[in-house]
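*Asks:*
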């Protein structure tokens, strides 16, 4: 098969080398004669993620010369806005002889070819590699997140797709042949990735790695993805589970790469924004899905070429420039040591634990669970990652599936057992009282969960129950443990339901029951609730979680009720995040 490639940017040159290595006869075409002379003399040189060199003999500067070589497949790796003119010229010369392939990024880019050559002749390649030129014929490949995807737009040329993908696989440019329906999913997936960072990098001058390391820009990237996914779903494009998390992982692996759109902006050239964010805006309007971030980025990129910029766009540009300046501020220097991060995202508080390579705790932090803008959490994580070389992150807790930075996720039960067993390698009962649930766990000496019970159907016996009961009794939370310790009363709340308990507390207040007796009564009610849950007799009982961290006297009340010694480990509120950090250490940076 004879293959012609029009456009020798990074994509065109990378494809040329691999197709030639795979055994195809490859001819090259580009209008840059200086580039062609370099390639004629020294060949194409690839380095970075892929290291290869290849020389070529068929090198031309005009489309008519390329078509005259009697090619079977013509690959377009030119800028999308150049496609129609070039394709029209090629079609006039030999319309029925060859198939065409779009090796370009963006939504609907293949339609520029199918409108001229017809769908039966048109292929589309979804590219998952990228590079930056260090010379006209010298490409530094910055990333390849295999595989690429290749399809015939109407499934009529599947044999050609299979042949090409098989050949590319032999030379390690992994490519999968898919059908036209799968193709659309892959096109949208890749375009969402491109749209999330390309304009941002162009406006700020940040590389993809720098943009993903800054909490401010990370938040913007995530929200662009969320917005784009809503449009895709309206267009009946369906992604798998944890798609947003996978997108963010992909982008974090991109390295110090400047997207081609960003390079075009920095060099004041025309861009392909209308096929990236612009297409998402277009389909958003079609389905009445709002796309404010994609719209702003589209407008800003257009304004970059001298079009009038609105005050709002100017403000955003200034904000992005400020973010860029922040990226150049020296922070704490990282050491060569590896560290591992456990994040426990509870309903009220998020707990963070960092371990070193030996498993020793080097850092802990407690902060209110992230609100909608996630600012506090991402700022904390940004500071941690500035200070520590984080190798792997494990997330647990209610919010774990929405924490897209994580390499793996685990349940709170598993992490509690893991964390406590690392400190106390014996069979044991664990009671974890959180803000909105109670967990009773039987754990082996190695941390295996043998059995567990969770009450999360109502707030009875939880931290929320204590907070609401204390508020109704007008007892300051920070004084509650002290008040309870001064009471000898055995009068307890009979109601486990928070609503009824608050009514009962009101009757106690009318009866002039002291704050001390009410505080102890609340503790007794929780202890009674826990005592009804089955635990194995004869095993040590450990109490962990935020409640015991702030209500130390509760241990005494629970011990009396259960007639057994109750043990509290150091830092009980961080046991679960510690367990998550241990899992991150075991993971060692591999994706879970």
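Numbering (the working numbering), first residue to last: 1116 to 1707.
The C-beta atom is built at its ideal place from N, Cα and C for all residues, glycine as well.
Enumerate in chain order the residues of its own chain whose CB-to-CB distance from residue 1349 is below 6 Å, with the five nearest sequence positions on each side excluded.
*Replies:* The residues are 1402, 1404.
*Asks:* Taking the alpha carbon of residue 1380 as the reference point, which residue from 1364, 1314, 1303 has its own alpha carbon closest?
*Replies:* Checked all of 1364, 1314, 1303; the closest Cα to residue 1380 is 1314.
*Asks:* Is residue 1301 buried or exposed, if buried means 16 or more other CB atoms sit within 10 Å of its CB?
*Replies:* The residue in question, residue 1301, is buried, as its Cβ has 16 or more Cβ neighbours within 10 Å.
*Asks:* Cα separation between residue 1588 and residue 1626?
*Replies:* The alpha-carbon atoms of residue 1588 and residue 1626 are separated by roughly 12 Å.
*Asks:* I need the boundaries of the alpha helix (DSSP H) containing residue 1365, first residue and last residue.
*Replies:* Per DSSP, residue 1365 belongs to the alpha helix (DSSP H) from 1358-1367.
*Asks:* Quick check on the DSSP output: the alpha helix (DSSP H) that includes residue 1535 runs from which residue to which?
*Replies:* That run of the alpha helix (DSSP H) goes 1527-1538.
*Asks:* Could you check the C-alpha separation between residue 1475 and residue 1268 for me, to the nearest Å?
*Replies:* In a straight line, the C-alpha of residue 1475 is about 55 Å away from that of residue 1268.
*Asks:* In this structure, how does DSSP classify residue 1442 when only helix, strand and coil are distinguished?
*Replies:* In this predicted model, residue 1442 has a pLDDT of only 45, less than 50, meaning its place in the structure is not dependable enough to derive any value.
*Asks:* For my contact list, residue 1159 and residue 1252 are in at a C-beta cut-off of 8 Å; report their separation, rounded to the angstrom.
*Replies:* About 6 Å; that satisfies the 8 Å criterion.
*Asks:* Following the continuous alpha helix (DSSP H) through residue 1266, name the residue where it begins and the one where it ends.
*Replies:* Run containing residue 1266: none in the alpha helix (DSSP H); it sits in the beta strand (DSSP E), 1263-1267.
*Asks:* Counting beta carbon pairs with one atom in the stretch 1218-1226 and one in the stretch 1133-1152, are three or more of them shorter than 8 Å?
*Replies:* As far as the Cβ criterion goes, the stretch 1133-1152 does not touch the stretch 1218-1226, which means the pair count is below three.
*Asks:* Is the beta carbon of residue 1117 less than 8 Å from the beta carbon of residue 1140?
*Replies:* Cβ atoms of residue 1117 and residue 1140: closer than 8 Å.
*Asks:* In chain order, what residues of the same chain lie with their CB nearer than 7 Å to the CB of residue 1310, ignoring the 5 residues before and after it?
*Replies:* Once the five neighbours on either side are set aside, the close Cβ partners of residue 1310 are 1339, 1343, 1391, 1392, 1395, 1409.
*Asks:* Buried or exposed for residue 1568, please, with buried defined as at least 16 other CB atoms from any protein chain shown within 10 angstroms of its CB.
*Replies:* Exposed, by the Cβ-count rule.
*Asks:* Three Cβ pairs or more, each shorter than 8 Å: is that satisfied between the stretch 1196-1206 and the stretch 1266-1286?
*Replies:* Result no; under three Cβ-Cβ pairs closer than 8 Å.
*Asks:* Within this structure, are the beta carbons of residue 1737 and residue 1534 separated by less than 8 Å?
*Replies:* Outside the modelled stretch of the chain, which goes from 1116 to 1707, sits residue 1737, for which no answer is possible.
*Asks:* What's the call for residue 1128, buried or exposed, on a 16-neighbour Cβ count within 10 Å?
*Replies:* Its Cβ being crowded by 16 or more others within 10 Å, residue 1128 is buried.
*Asks:* To which residues of the same chain is residue 1440 closer than 6 Å at the C-beta, ignoring the five residues directly before and after it?
*Replies:* For residue 1440, the pLDDT reaches just 49, beneath the cut-off of 50, and the residue's location in the model is therefore unreliable, leaving the point undetermined.
*Asks:* Using C-beta distances below 6 Å, list every residue in its chain close to residue 1303, excluding the 5 sequence neighbours before and after it, in chain order.
*Replies:* So the list reads 1347, 1352, once near-sequence residues are dropped.
*Asks:* Decide if residue 1448 is buried, meaning its Cβ has at least 16 other Cβ atoms within 10 Å, or exposed.
*Replies:* Model confidence at residue 1448 stands at a pLDDT of 41, short of 50, so the residue's coordinates are unreliable; what they give is reported in the following sentence. Residue 1448 comes out exposed.
*Asks:* Is the beta carbon of residue 1247 less than 8 Å from the beta carbon of residue 1255?
*Replies:* It is a contact, given that the beta carbons lie within the stated cut-off.
*Asks:* Between which two residues does the beta strand (DSSP E) carrying residue 1253 extend?
*Replies:* Per DSSP, residue 1253 belongs to the beta strand (DSSP E) from 1253-1259.
*Asks:* Does residue 1249 come out as helix, strand or coil in the three-state DSSP assignment?
*Replies:* If DSSP states are grouped into helix, strand and coil, residue 1249 belongs with the strands.
*Asks:* Ignore the nearest five residues each way along the sequence and tell me which others in residue 1677's own chain have a CB closer than 6 Å to its CB.
*Replies:* Correct list, in chain order: 1646.
*Asks:* DSSP puts residue 1480 in a beta bridge; with which residues?
*Replies:* Answer is 1467.
*Asks:* According to DSSP, simplified to helix, strand and coil, what is residue 1551?
*Replies:* In the structure shown, residue 1551 sits in coil (DSSP, three-state: anything other than H, G, I, E or B).
*Asks:* If you run the structure through DSSP and keep just helix, strand and coil, what is residue 1122?
*Replies:* Note: residue 1122 maps to coil in three-state DSSP.
*Asks:* To the nearest angstrom, how far is it from the Cα of residue 1319 to the Cα of residue 1333?
*Replies:* Spanning the two alpha carbons is a distance of roughly 13 Å.
*Asks:* Could you give the first and the last residue of the continuous alpha helix (DSSP H) run that contains residue 1594?
*Replies:* Counting along the chain, the alpha helix (DSSP H) containing residue 1594 begins and ends at 1592-1600.
*Asks:* For the putative contact between residue 1216 and residue 1191, defined by C-beta atoms under 8 Å, what is the C-beta separation to the nearest angstrom?
*Replies:* Indeed, because the Cβ distance is near 7 Å, the residues count as touching under 8 Å.
*Asks:* Within the chosen definition, does the stretch 1353-1362 reach the stretch 1225-1245 through at least 3 CB pairs nearer than 8 Å?
*Replies:* Judged by Cβ distances under 8 Å, the stretch 1353-1362 makes no contact with the stretch 1225-1245, as fewer than three pairs qualify.
*Asks:* Could you check what DSSP says for residue 1474 in three-state terms: helix, strand or coil?
*Replies:* In the structure shown, residue 1474 sits in coil (DSSP, three-state: anything other than H, G, I, E or B).
*Asks:* Taking residue 1154 as part of the alpha helix (DSSP H), name the residues at either end of that continuous run.
*Replies:* Note, residue 1154: alpha helix (DSSP H), 1148-1157.
*Asks:* Assuming contact is defined by CB atoms lying nearer than 8 Å, are residue 1657 and residue 1581 in contact in what I supplied?
*Replies:* Not in contact: residue 1657 and residue 1581 (Cβ atoms no closer than 8 Å).
*Asks:* Residues in the same chain with beta-carbon distance under 6 Å from residue 1585, minus the five sequence neighbours each way, listed in chain order, please.
*Replies:* Excluding sequence neighbours, residue 1585 sits near 1592, 1595.
*Asks:* Using CA atoms only, rank isn't needed, just tell me which of 1146, 1143, 1188 is closest to residue 1232.
*Replies:* Out of 1146, 1143, 1188, 1188 has the C-alpha closest to the C-alpha of residue 1232.
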